[in-house]
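Here the protein sequences come in this chain order: A and B. Each residue of the first sequence is one higher than the one before, counting from 0 in numbering that gives the first Met the number 0. Each residue of the second sequence is one higher than the one before, counting from 0 in numbering that gives the first Met the number 0. For every residue, glycine included, the Cβ atom is placed at its ideal position computed from N, Cα and C.
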Amino acid sequence: MRFSTIDELQEALRATSYLPDAGLSTALFLALTLEKPLLLEGEAGVGKTEAAKSLARATGARLIRLQCYEGLDVAHAVYEWNYARQLLHIRAAQEGTVDEGELYGPEFLIRRPLLEAIESDDPVVLLIDEIDRADDEFEAFLLEILSDFQITIPEIGTVAARRKPAVILTSNRTRELHDALKRRCLFHWIGHPTLEREIEIVTLRVPGVPERLAAEAARFVQGLRGLDLAKPPGVAETIDWTQALAALGQRELDAQVVESTLGSVLKYHEDFELVRDSDLVALVAEARVG
Amino acid sequence: MSANALTQHVVTFGRVLREAGLEVGPARLTDALRALDAVDLTSREEVYWALRTTLVTRWEELEPFDRAFAAWFLRAPVRPPLRVAVSAPRQAELARARRSDAGQLPEESGDGEVSLGWSADEWLRGKDFASMTPEEFARARKLMAEVARSRPRRRSRRLRSHARGRELHLRRLARSCLGTGGDPIDLRFRRRIERPRKLVVLCDVSGSMEAYSRALLLFLHALVASGRGVEVFAFGTRLTRLTSELRTRDPEQALERAAASVVDWASGTRIGDSLKAFNDVWGRRALSRGAVIVIVSDGWERQGQALVGPEMARLARAAYAVVWVNPLKGNPEYQPLAGGMRAALPYVDRFIAGHNLASLEQLSSVLAGIERRHAA
């Protein structure tokens, strides 16, 4: 599905319960229009992965996700031969030698996410998640895919995309990515949302949440981000927390409930202690006044 | 605006960005033009995002980009670009740093006798950096690259062919079976390869470290050149990332660039605040996770001693191991009494000197064989 303006795309994303700001909408729109991969960076919990998922829903495309980890290699990301089948095939042939071309045909090929995305006939959003977790050699494998949308398999040849997938890469910036990789991508930094947007996001994501609770929770979390925390909470935490509060039947914030549910907002013990010991009551009061 | 004028405009903007330190090549400019083609040119917001998405490649570039955009497209008063040439006071500091190394000539008369049975290099290895002559220093510098070569290693999850590996190399096996009718005769194995472990160095460049910081930075330059995965930061009253400055091949030039980017060279020390800045910005991005952290400092903390303990604890929890290098420890009578040092020691796995080449060699072998920390 194509969009002719940024607003159109933004509307489609909204319809999937995702509220991008102008910057992210433009970046996603350009990724689709220029057919270039988009690298999304930002703090944890600001919705990088969610952006790709929503884009898939909004465009009616299939989401193919490659979660990166250390040691990820071609066999797990691109393709692998089905060795067991190959060996059985050779055995089964008994007399009469097996032709090499036969052994390296498509029926022995196991398709991993990247090859699957390239070969797909349907529209695809390819999410390469947390690319910074993979070791840097792996980035080299991606270069051919990201610039030419093709994969070279020595035994078969080059497989070119029948239809270019939309590619989203995310990174938490635990290390600097290779320039060659960055050169092939558009770049967007996702920051924390403004208060108004965060309230809107929470309201959209937690169906039936009392208006007042959504506003107070968002304001409280924004207040937390202003503190000197080891790990400031992202929107994901605000959503989780509001969900918890709503499930407890809260209609507004009060210090006691905040203290007992703070664990879903603050994931580090020091942060938890810092907030609990210092200014919890004041913070809650501030969030309630608005 | 005609297409041609727009192109002109964007190309000139590209030049402004390059001046501000962004890497803007022709390919990026082409993307920018294509992007502008796709958005509404009358909307300032869309133009801004289109250019930012295509011309910025990393977080650090966001601020210079915003400034350049404001100056160029919105005609705001132009503020000085971020990357200025070395200013006059810093030039003076640089010169001072150089002079202080070239400083006093050694007076010890016993040196000649001691060196009788040693090679010149051997003798140099034991000499305090603070008392080296420029010639000696130049010689020491050559030996440093050698010392910096060994790095802590970790086992990767990546496999490679190896005669004594544990896992069957199935891809090879299938191919070899082609010739044997499916009988696996020629077994090949793979095993995990070893990769250099992340190494993060935080180097104190405050006034009290002045006699050593030049020598240590040269060592760090050699360390950065030893391969990927080394990050270097300098701190005095604030934290500065030096990795890219030290990546310059020529050590002198690297040092000059490093000195130019450190604004608080030879000033006071705020170890606690600097550690906190590191934990907040870099630790949060998991730079310290699984890394060997080396802190080079004499542990003199003027204010904020209370911060040192908790921030060291935070650092040590994420790190694989923490090594503290203190040039003062080279003196046999030294005791870690300085407040900052005392607060930090419980979280330090290895505490070593760093006042001469021999001690850097020791550092190097410690780094090569370091094990995961046990007690917090």
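So, at 6 Å on beta carbons, what are the nonlocal neighbours of residue i in its own chain, with the 5 sequence-adjacent residues on each side left out?
i      : result
B:V229 : L198, L222 and V223
B:Y333 : L327
B:M311 : A343 and Y346
A:A284 : none
A:A291 : Since the displayed chain A opens at 0 and closes at 289, residue 291 of chain A lies outside it and no answer follows.
B:R190 : H161, G164 and R165
B:Y211 : F128 and P326
A:A60  : P122, V123 and V124
Provide the residue(s) that pair with residue i in DSSP beta bridges, ordered along the chain.
i      : result
A:W80  : A:L108
B:C176 : Looking at the DSSP assignment, B:C176 forms no beta bridge with any residue, so it has no partner.
A:L168 : A:L38 and A:I127
B:L238 : B:F234
B:V321 : B:I292
A:L203 : DSSP output for A:L203 lists no bridge partner at all.
B:R387 : Nothing can be reported for residue 387 of chain B: it is not among the residues displayed for chain B, which extend from 0 to 375.
B:R351 : Inspection of the sequence shows that residue 351 of chain B is occupied by Ile rather than by Arg. DSSP, once it has assigned bridges, lists B:V324 as partnering B:I351.
B:L167 : B:F188
B:V229 : B:L198
Who are the Cβ neighbours of residue i in its own chain at under 7 Å, not counting the five residues just before and after it?
i      : result
B:R27  : T53 and L54
B:D100 : Interpretation of B:D100 is limited by its pLDDT of 40, a score under 50 that renders its predicted location unreliable; no figure is taken from the coordinates.
A:L203 : S16 and L18
A:L29  : L185
A:E49  : Y17
B:P63  : A19, G20, L21 and L81
B:A194 : Sequence check: residue 194 of chain B is Arg here, not Ala. Result list for B:R194: R152, R153 and S155, in chain order.
A:E115 : I63
B:G338 : E300 and Q304
A:L71  : A133 and F137
What are the start and end residues of the alpha helix (DSSP H) that includes residue i?
i      : result
A:Q9   : I5 to A14
B:D203 : It is not in any alpha helix (DSSP H) - B:D203 instead sits in the beta strand (DSSP E) that spans L198 to D203.
B:R313 : Q304 to A317
A:H268 : H268 to D276
A:G225 : E210 to G225
B:S207 : Here B:S207 belongs to no alpha helix (DSSP H), and DSSP marks it neither H nor E.
B:I270 : I270 to F277
B:P331 : Where B:P331 is concerned, there is no enclosing alpha helix (DSSP H), given that its DSSP letter is neither H nor E.
B:V255 : Here residue 255 of chain B is Glu; the residue named in the question, Val, does not match the sequence. Its alpha helix (DSSP H) spans residues P250 to S260.
B:P63  : L61 to F72
A:K52  : K47 to T58
B:F128 : Here B:F128 belongs to no alpha helix (DSSP H), and DSSP marks it neither H nor E.
Once the 5 residues before and after residue i are set aside, which same chain residues still bring their CB inside 8 Å of it?
i      : result
A:A216 : V201, T237, W240, T241, L244, L252 and A286
B:R17  : V23
A:E69  : R132, A133 and D134
A:G233 : E42, A43, G44, V45, G46 and H191
A:G207 : A245
A:P231 : E42, H191, L223 and R224
Just to confirm the assignment, what range does the beta strand (DSSP E) spanning residue i have?
i      : result
A:G156 : G156 to A159
B:S412 : The question about residue 412 of chain B has no answer, for chain B in this structure spans 0 to 375.
A:W188 : L185 to I189
A:I152 : Q149 to I152
B:S155 : R152 to S160
A:L65  : R61 to Q66
Indicate, with yes or no, if the ligand COA has a heavy atom lying under 7 Å from the CB of residue i.
i     : result
A:R61 : Looking at this structure, you won't find the ligand COA or any other ligand, since it has none at all.
Task: Any 3 or more C-beta pairs closer than 8 Å across the region 95-112 of chain A and the region 62-80 of chain A - done: Yes, the region 95-112 of chain A touches the region 62-80 of chain A.
Task: Members of the region 264-287 of chain B near chain A, C-beta cut-off 9 Å - done: K275, N278, D279, G282, R283, R284, A285 and L286
Task: Segment contact flag, the region 231-249 of chain B with the region 264-275 of chain B, C-beta cutoff 8 Å, min 3 pairs - done: In short, these stretches touch, since the Cβ pair count reaches three.
Task: Under 7 Å (Cβ pairs) to chain B, residues found in the region 161-195 of chain A - done: N171, R172, T173, K181, R182, L185, F186, H187 and W188
Task: Validate contact between the region 174-183 of chain B and the region 247-260 of chain B using beta carbons, cut 8 Å, 3 pairs - done: Short answer: they don't touch.
Task: Given 8 Å, three or more beta-carbon pairs between the region 0-20 of chain A and the region 129-146 of chain A - done: no
Open item on the list: Across the region 185-194 of chain A and the region 259-268 of chain A, are there enough close Cβ pairs to call them in contact, namely three or more that are closer than 8 Å?
Closed with: The region 259-268 of chain A and the region 185-194 of chain A do not touch, with fewer than three beta-carbon pairs separated by less than 8 Å.
Open item on the list: Please identify, using Cβ separations under 8 Å, the residues of the region 110-137 of chain A that lie next to chain B, in order along the chain.
Closed with: Under the 8 Å Cβ criterion, the region 110-137 of chain A contributes D134, D135 and E136.
TODO: Evaluate contact between the region 20-35 of chain B and the region 27-35 of chain A, counting only Cβ atoms and requiring at least three cross-stretch pairs below 8 Å.
DONE: yes
Task: Under 8 Å (Cβ pairs) to chain A, residues found in the region 12-46 of chain B - done: E22, G24, A26, R27, D30, R33, A34, A37, V38, D39, E44 and E45
Open item on the list: Beta carbons nearer than 8 Å to chain B: which residues of the region 233-267 of chain A have them?
Closed with: none
- [ ] Using a Cβ-Cβ cut-off of less than 7 Å, list which residues of the region 297-308 of chain B approach chain A; keep chain order.
- [x] none
- [ ] Say whether the region 166-177 of chain A touches the region 34-54 of chain B, bearing in mind that this needs 3 or more beta-carbon pairs closer than 8 Å, one atom from each stretch.
- [x] no
- [ ] For the region 45-69 of chain A, enumerate the residues whose C-beta is nearer than 7 Å to any C-beta of chain B, in chain order.
- [x] E69
- [ ] Could you please tell me which residues of the region 9-28 of chain A, in chain order, have their CB closer than 9 Å to any CB of chain B?
- [x] A21, G22, L23, S24, T25, A26 and F28
TODO: Output, in sequence order along the chain, the residues in the region 232-264 of chain B whose CB is closer than 7 Å to any CB in chain A.
DONE: none
Task: Members of the region 75-99 of chain A that neighbour chain B once the beta carbon cut-off is set at 7 Å - done: W80, Y82, Q85, L86, I89, R90, V97 and E99
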